[in-house]
Structure formats: structure tokens, C-alpha cells
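Asker:
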């Protein structure tokens, strides 16, 4: 492209940046004015905080647009010209003509979807490359009839390939400049309902999901900023990897989390066997938790005996059963139904005590009549022989019983107040409780769940804790009563202050001017004054959502969704009652034993057939040389989906090398040092069987200082050593896959794990092994250094 064209675009981009600076300065001034307000009224303070928050959000979006502000231009057939960029800007000096169109706006869509076959009114599409505020190049696509020869051609091929061939940085970048037509279709799909995006490795499904979040926030900002978008990832490492994409697009109203982080107050950082996690992830565990709750609502075979005032008082099992059934019949969760059970049992005990006193006085009264009075305590009012006691007398006995520690302890044993943590901890610690709550599990499966009290919670426990929380509920009457008492006290203190103000007013008649002055007691009543001193919650909606287990999110995005268990899905569906969800994944890459084999299996219990499937079928990331190898592994494993079509080639073929078993750590370390030098500023991933992660990680760290390993990896170094589970969703310039045969055999879905490992590379792939290779990898060329050895 001529220098003249670049200079022309530079002048326009400079103009856009000047406008960006003006908008940023204006928002900064508005923020300063809002913060400088000195009004102390409750409403004024609230309005000030709202204004300041909105100004900060707009400044954040303007700051995010600084890099790559304008990246495209559309020249329409009718002569109109549209510049496309990261946000929309108007020229206030020219009848508010658009200077720049937000990439999410309908007017910008042809930039991503126009083709020679369907130009959509576009004559020319120009891609503008910038570095900071400097235009470094332009590329034009003429959408003429001649351009229709390749209907599947890439949009902005040069810009796309430049992005794909760039060094990895350890963080995912946005693809706003290079979104392809099939990806744009997913990004702009309607918000309502469940959208499933099935895409193989390299199709950009994660980036598409993140850009869809930005698009939905653009089209439904008020609703989604208030209700928050939840972004669920497979592990913290993945969330760190994608963590800069949405901020780079100016969007912050998103809560990123793993399922393990969705139960506030619980740190689920424990570990357990894959077999135990698989059992906990089964849908049948919902009934196990429900049965564990029912088992804590007891009616003893021998009835209930309590000692009160030195006397033993007994209730028959039938009386306890009726009290339990009445409490259950309320339909309330366990803890909220407990007061009903306690009231019925206390009432029955009080009447039993009254009966004994009555019986000692009314000699000769038939026992059947006395028993009828006890039945009435459970089944409803009934005439009985308690002629010596009126209701006030019985209520006095009830108060004594409620205050008796022994009585309270006896009732707690029948219907205890439970937390989800206590329920599960007690269940896991007791073979008897497990056998009662989970009779359909085998003894070996129940043994997997046994553990000592106080053991750390694991990610697979979180959905069970959430299930328990739903079934147990919270008896918040005491908290509400305390809050109400505090509110009344605040009003009383405010009234005292107003009384003091009124009593201190001037009564000197010589100053009429002073007598006309307004005081606090003239303008406020006690309630309004108290409200001004209530604490304001300054947390963002996302921060409040993170702390609230019952928060209903406006939209939920799940990446690597195929990895979630049936119990994980129960938790997520509770978080999104509107069922507005975007689910992204690839069932051919399912590695978790509790993960999905099909999307229908996942969704049928919640939405039936009312969900939409979109497929991404082009592999932009993985070179054809590597994609061909991975496709062989996928086919050999019987994967249900066809691998995506690769569109780029590097000319570098994957290789293999065999080493002696004892030499494996040292050999991998030496190869890692060579590959790290080869990728320069890029990134190397060493993917190993989980059982050898620590051993190989130590060796590589010794050879390449700064190497990150396993759970502690932050993707900030050139080399990282991971197992396949933690490598999911990541990408590296070069990948070494160590012991592929063992990766396949060590896990229930090992072939899928190997497929994941092989498809993380964007340039180079090497395989290191000590024994045989999976048949699909047997055709790999020997590494050049091994070619003469026959290895």
C-alpha cells in the first residue's frame, strides 16, 4: 500500500485519538465534580456515588480503547465511508456524524461478514494496522464479482495470519480486529435461551465466547451490568490466561470464577482421586444429599425421653413421627422447618407434664382420655381432661421447657440445626450414615467418599454443599430480629438528637432573624435522619454477586463446558434461573470422568430440546501439520465429532524421540532448553502425565530457570510444565508432549487428554517417549538428532 494511503489514514486516526482524549478529559472532569460535592443528604450521597461509578466505568472503557482504537474501514457502494473500531464516537462539530463505529454495532457487521458472493453493499474493506497511535500499514479487500471465487476465504487474511503467527505472551488477546464470519454469527446470536458453541481445537471458541460477552453488554448494558455476567472456566490458570480480554474491550461487569469458587466462604483447594470426584459428580448424589438431610430428622424407635425438674418425661415414637411429618409437610427447608418441629414437640411435652399433674389430682380418669390430649398437641386442638390448666398455664410450662438445656439438647438430636458443611462432614465421616443415605452406591464407591472430619473441601464438594444449602435453608429469624432491633435503636437515637436540637433552640425574642432560621428538627423526622447514617454498600454488582450464593446472574458463559459434572450443572442452573447461557466446549476433548459425552445429555434435564447448537468448523490456530496428527488420535479414539479444518501451514512437521526410561527427566529438560531458545519471546508448554508432573517439573526448572509448574503456574514465564487437564484451553508456540502412551492410559478418558495435549501448539510439536507410541503417532518423523540412530 502506498505511503500516501498510510499517511491519509494516519491523519484520521490522529483525529480519532484527539477525540478520545477530549472524551476522557470530560469524564475525568465530571468525576472530579461528583467527588467534590459536599452535600450530606442520603439521596445526594447516593446520587454522587452513582455518578462517580458511571464516570469511572466510562473512563475504563475509554482507556481500554487506546490500543487499536481504529482497525478498519468500509467503503460502501453508495459512496459512504465507515470507520470501525473499539468504541463509537461522534463528531459534535458536524451534526454529530459518526467518526467511529463500535465493532458491536449493526452498522459494523459487514466488516466481519461481507464476502464477494454477498458484499452487503460494501465495495472495499480496509484493515488498518496500528502500533500505539501510529498507523503501520493497511490492507484492502475489494468485494467485486471476481472476489467471489473463494466463498470460504478468510476475512482480512493478512491481519488474521499476522495475529496467529505472533509470539504467545502467556495471556489471550482479543480478536476484535480479526473476527471471522462464522465466529461473528455466534458473537451476535440473541441473548435469550441456551446457546451451545461446539468447536474443536483452534476454532477460537473461547475468544468468541468472551467477545459475545462484550457484545451482550453492549446491547443489554443496563440489565446485565445490574445482574452481572458470570464467566465460568475450568481452573484458575485458565481464568488468568483469558483475564485480560474483557478489560481490553472495556468491559468489567463480569465475574470470572470456577465452579469451585461459587460457594462463598469455602476454599475448595483440597485434592482427591478422580474416582472420588466422579462419584460426587453423579446426578444421583442430589438424592444422596437429600437422604442425608432426611436422616437427620429422627423419630427414635423408643420415643423421646427428657428429664425436667428431676422427672423423666416421655413421648412415644408415634407422637415424634407426627411432629416430624407435620414439619416436613410445610415444604420448608430443614432449618426453616425446624421451629415447627420444635414447637410441636415442646407443646407435646408441656401437655404431657400437665397430664401427669392432672392425673395425680384427678384419680380415676381413664388413661385413653388423657392420651387424647397429647394427640391434640400434634393433630390440632382437642377437648381433653386438662381441666386444672388453662392455656396460659401450659404456655408457662412451654417456656420452662424451651429454656431447659437438657430439653434443647434432646430435641437437637432429633432435628438439629445444620450447616451444609456440618451435614457433609458428618456424612463423609460415618460409614453408617453413608450406607443409609447412599444405598445404591457400592461399598467401594462409598469408601471413596469416606474421610476424616476437618479435611479440606475439594472442587467436587462445592456442588454438594450448594445442594445441601438449598435443602437446609437458613433460619434467619434471629438475624432479622437483630437487624430490626438495631434499626429501632438507630431511630431512637435520631429522635434523641432531634429532641436535643429542639430543646436547644433560641427563645430570645430579641432576635427575630435567628428565630426564622431552619434547624434539623424542622426538616427531618427521626426515621429520615436515621437513614442518613446507614452504611452504604459501595461494592460493585460483581463483588456483591461473588459474596451471595443466591445471586441470579443475567447471563452465564461456561468455557470447557464439557468438563462439568451433572452436579456442577445443577449448581449453575440455580445461578441462572432465566436460562440465558452460552456454553462453549468440545465433547471430543472431555477429560473429566464426570464430564459430558453429549450436549443433549447435559441439557435435557433443564431445558429439554429448547437449546441451539452452533458449530465452529475452521481451525485457525493449529497448523495443518499438527492438526493432521491430532486428527489421527481423535479418529482412533472414536470421538463423535469431526476435527475442524486447519487453514494455515508452517512447514514444520512434528517429531518424536525415544529415550531410556531412567533418562526421561534429564532428556526432557535438555529438549525444553532447546525449544525455549527456538521460540525466543514465545512460550513453550511441556505436557506430561500427572504422575510425573513433579519429577519432570524439577528437572526442567533446573535446566531453564524460572520455569513454572503445575498448580503454581501463572503463565508469566517462557516455559511451563503442566498435565493435560491444566493445559486445557491454553496455547503455546511450541509443545513437548511427554509419554503420550501413559497420558492415554492413566485416565478414564486418556485419549481425549492426549488430543488436548497435541493441539495446544501454534508452531512446533515434539513427542518424547520411553516405550511404545499410540498407533496414531507411530508415523511421526524421528527428530533430526535421532535420525541416524533408528530411534
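Numbering (the UniProt record's numbering), first residue to last: 1 to 791.
In this text, a Cβ means the ideal position worked out from N, Cα and C, and glycines have one as well.
It should be emphasised that the depicted structure is a prediction, and the values quoted were computed from it without experimental measurement.
#1: So, with DSSP's three-state summary, where would you put residue 652?
#2: Cutting at 7 Å between CB atoms, please list the residues of its own chain near residue 248, excluding the five before and the five after it.
#3: Measure the C-alpha to C-alpha separation of residue 473 and residue 333 and round it to an integer number of angstroms.
#4: Report the rounded CA-to-CA distance for residue 199 versus residue 205, giving the unit in angstroms.
#5: Return the residue from the list 784, 579, 115 and 191 that minimises the CA-CA distance to residue 180.
#6: Would you kindly work out how many angstroms separate the C-alpha atoms of residue 150 and residue 745, rounded to a whole number?
#7: I want to know whether the segment 440-447 touches the segment 295-309 - three or more CB-CB distances under 8 Å.
#8: Give the straight-line distance between the Cα atoms of residue 231 and residue 225, rounded to the nearest whole angstrom.
#9: Grab me the residues of residue 793's own chain with a C-beta within less than 7 Å of its C-beta, minus the 5 sequence neighbours each way, in chain order.
#10: Helix, strand or coil, according to DSSP, for residue 25 in the structure here?
#11: Just to confirm the assignment, what range does the alpha helix (DSSP H) spanning residue 606 have?
#12: Using the beta-carbon count (16 or more within 10 Å), is residue 584 buried or exposed?
#13: Can residue 542 and residue 255 be called in contact, C-beta distance under 7 Å?
#14: Between 777, 419, 356 and 587, which lies nearest to residue 265 when the distance is taken from Cα to Cα?
#15: How would you write the range of the beta strand (DSSP E) that residue 779 sits in, first residue to last?
#16: Looking at C-alpha atoms only, which residue of 408, 328, 310 and 89 is the closest neighbour of residue 294?
#17: Please state if the CB of residue 102 and the CB of residue 88 are separated by a distance shorter than 7 Å.
#18: Restricting to runs no shorter than 3 residues, where is the beta strand (DSSP E) found entirely within the segment 423-449?
#19: Using alpha carbons as the reference points, say which of 142, 408, 178 and 312 lies closest to residue 155.
#20: Determine the closest residue to residue 764 out of 783, 403 and 281, with distance taken between C-alpha atoms.
#21: Looking at the secondary structure, which residues open and close the beta strand (DSSP E) in which residue 91 lies?
#22: Please name the residue or residues paired with residue 732 in a DSSP beta bridge.
#23: For the ligand ZN, is there any heavy atom lying closer than 6 Å to the beta carbon of residue 329?
#24: From residue 125 to residue 86, what does the alpha carbon distance come to, in whole angstroms?
#25: Alpha carbon to alpha carbon, what distance is there between residue 123 and residue 284?
#26: What is the C-beta distance between residue 629 and residue 687, in whole angstroms, given that I count them as a contact (C-beta under 8 Å)?
#27: Within a Cβ cutoff of 7 Å, which residues of the same chain sit near residue 346, ignoring the five residues on either side of it in sequence?
#28: What does DSSP give as the partner residue(s) for residue 646 in the beta ladder?
#29: Please say whether residue 740 and residue 699 have beta carbons closer to each other than 7 Å?
#30: Could you tell me which whole alpha helix (DSSP H) segments of length 4 or greater appear in the segment 110-142?
#31: Assuming the contact rule is C-beta atoms closer than 8 Å, residue 344 and residue 359 should be a hit. Round their C-beta distance to whole Å, please.
#32: The beta strand (DSSP E) spanning residue 771 covers which residue range?
#33: Assign residue 602 to one of two classes, buried (16 or more other C-beta atoms within 10 Å of its C-beta) or exposed (fewer than that).
#34: From the DSSP output, in three-state form, read off residue 755 for me.
#35: Identify, in the order they occur along the chain, each residue of the same chain with its Cβ nearer than 6 Å to the Cβ of residue 558, setting aside the five sequence neighbours on each side.
#36: For residue 586, count neighbouring Cβ atoms within 10 angstroms of its own Cβ and tell me buried if that reaches 16, exposed if not.
Answerer: On the basis of the data shown:
#1: The answer is coil: DSSP assigns residue 652 none of H, G, I, E or B.
#2: For residue 248, the CB contacts under 7 Å within the same chain, skipping 5 residues up- and downstream, are 64 and 174 in chain order.
#3: Straight-line Cα distance between these residues: approximately 5 Å.
#4: So the two alpha carbons sit approximately 6 Å from each other.
#5: Closest option to residue 180, Cα to Cα, is 115.
#6: The predicted position of residue 150 is uncertain, since its pLDDT is 49 and thus under 50; a value taken from the coordinates is nonetheless stated next. Looking at the two C-alpha atoms, the distance is approximately 43 Å.
#7: No: fewer than three Cβ pairs fall under 8 Å.
#8: Between residue 231 and residue 225, the C-alpha separation is close to 14 Å.
#9: Nothing can be reported for residue 793, as the shown portion of the chain is limited to 1 through 791.
#10: Reduced to three states, the DSSP call for residue 25 is helix.
#11: Element bounds for residue 606: 599-607.
#12: Burial call: buried.
#13: Between residue 542 and residue 255, the gap from beta carbon to beta carbon is short of 7 Å.
#14: Residue 419 is the option with its Cα nearest to residue 265.
#15: Run containing residue 779: none; DSSP gives neither H nor E here.
#16: Of the listed residues, the one whose Cα sits closest to residue 294 is 328.
#17: Yes; because the gap between Cβ atoms is below 7 Å, this pair is in contact.
#18: As far as the segment 423-449 is concerned, it has no whole beta strand (DSSP E) run of at least 3 residues.
#19: Nearest of 142, 408, 178 and 312 to residue 155, Cα basis: 178.
#20: Of the listed residues, the one whose Cα sits closest to residue 764 is 783.
#21: From DSSP, the beta strand (DSSP E) with residue 91 extends over 89-91.
#22: Note: residue 732 is bridge-paired with 761 in the DSSP secondary-structure output.
#23: The ligand content of the structure shown is nil, which means the ligand ZN is not present either.
#24: Distance between the alpha carbons of residue 125 and residue 86: 17 Å.
#25: Rounded to whole angstroms, the gap between the alpha carbons of residue 284 and residue 123 is 59 Å.
#26: 14 Å between Cβ atoms; not a contact.
#27: Result list for residue 346: 398, 401 and 402, in chain order.
#28: Its beta-bridge partners are 619.
#29: Not a contact, by the Cβ cut-off of 7 Å.
#30: Runs found: 110-113.
#31: The Cβ separation is near 22 Å, so there is no contact.
#32: According to the DSSP assignment, residue 771 belongs to no beta strand (DSSP E), since it is labelled neither H nor E.
#33: Flag for residue 602 reads buried.
#34: Three-state DSSP puts residue 755 in a helix.
#35: If we look at residue 558 and ignore the five residues flanking it on each side, its Cβ neighbours are 232 and 583.
#36: Buried.
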